[in-house]
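**Student:**
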Amino acid sequence: MARHPDSKHFRQNPVVLFFRYTDAMPNSPVTPLIVQRGHEDYDTTLRAMRAYTDTRTADSPDQLWLVTHDPVFTLGLGADPSHVLDAHGIAVVQTDRGGEVTYHAPGQVIVYLLIDLRRQRSDRRLLAREFVHGIEQAVIDTLAAYNLHGQRKPGAPGIYLADGPSEGAKIAALGLKVRVNGCTYHGVSLNVAMDLTPFSWINPCGYAGLQTIDMRSLGSNATVEQLQAALAGQLIHQLKGHAPAAA
């Protein structure tokens, strides 16, 4: 499937989706491996994600990579570079994920999902939407465990606060790449306890003036390590929910 002809839709779409139907299905899904990559620069992680996806087979395990990055602005394939208003010396990296511009930095939980979607169902288009929905639900459920209420916004990928003085502020972003063989990479980021100032130097996800927030600003003392474990657990729960029922 080629790039969506509606460029506005493509910029807002968190998934870059290229699919070709095949009857050859991989083995049944198993719980993804959780890989703690620690703190590393964005380019290193991006190269590693591509390399793993390039070489994986029907038997390669699905993986969730937990990582933190030095400050970096990343652009999705449909991103308008003018949405980086002033980089202030921070690196700007063009990526191959869906979505617009976002910011990564220490104090943020990032989970990259290296998943073979063919292990779930044969309806690729429906599954891609369900996959994104499941990632968003994992973030919502993670926040709920800390008495924070997140919600989706139609046409604006990510998770936003559902109530309170900062209602509508964005607390999590997502963007994915789905290869022609149904294998995904890139993922989701959740703001835990970070310097939010650089978000004001961009139009986050292409929206001028969009407020961003982190859990610390909402009174949470949770650590990145705690949230890594919590979010990974919720993502696995969602992935299991998409698995076909046992015969």
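For the sequence shown, the positions run 3 to 249 when our numbering is used. Even for Gly, the Cβ is constructed at its ideal location relative to N, Cα and C. Remember, it's a predicted structure, so these values are computed and weren't measured experimentally.
Could you name the residues of the same chain whose beta carbon sits closer than 6 Å to that of L77, not counting the 5 residues immediately before and after it, in chain order?
**Tutor:** If we look at L77 and ignore the five residues flanking it on each side, its Cβ neighbours are Q96 and V103.
**Student:** I need the DSSP call for I204, collapsed to helix, strand or coil.
**Tutor:** DSSP places I204 in strand when its eight states are reduced to three.
**Student:** Looking at the structure shown, is S84 part of a helix, part of a strand, or coil, going by DSSP?
**Tutor:** S84 falls in the helix class under three-state DSSP.
**Student:** Taking 7 Å as the cut-off, is the CB of H239 close to at least one heavy atom of the ligand ADP?
**Tutor:** Looking for the ligand ADP in the displayed structure turns up nothing, as the structure carries no ligands at all.
**Student:** Do L178 and V113 have their CB atoms nearer than 8 Å?
**Tutor:** No, these two residues do not count as a Cβ contact at 8 Å.
**Student:** Give me the Cα-Cα distance between L116 and M51, rounded to the nearest whole angstrom.
**Tutor:** So the alpha carbons of these two residues sit roughly 8 Å apart.
**Student:** Secondary structure at I238, three-state DSSP: helix, strand or coil?
**Tutor:** The answer is helix: DSSP assigns I238 an H, G or I state.
**Student:** With a CB to CB cut of under 8 Å and the five nearest residues on each side skipped, what residues in its chain are close to A164?
**Tutor:** Correct list, in chain order: H151, G152 and Q153.
**Student:** Report the residue from V141, P156 and F133 whose alpha carbon sits nearest the alpha carbon of V194.
**Tutor:** Of V141, P156 and F133, the residue nearest in Cα terms is V141.
**Student:** DSSP puts N253 in a beta bridge; with which residues?
**Tutor:** Examination of residue 253 is not possible in this model, given that the chain is present from 3 through 249 alone.
**Student:** Below 8 Å on the Cβ atoms is my guess for P73 versus I92; work out the distance and round it to an integer in Å.
**Tutor:** About 5 Å separates the two Cβ atoms, so the contact holds.
**Student:** Which class does T214 belong to by DSSP, given the choice of helix, strand or coil?
**Tutor:** If DSSP states are grouped into helix, strand and coil, T214 belongs with the strands.
**Student:** Please report the residue range of the alpha helix (DSSP H) in which G177 lies.
**Tutor:** From DSSP, G177 is part of no alpha helix (DSSP H) but of the beta strand (DSSP E) over K172 to V180.
**Student:** By how many angstroms is the C-alpha of K242 removed from the C-alpha of G166?
**Tutor:** Spanning the two alpha carbons is a distance of roughly 32 Å.
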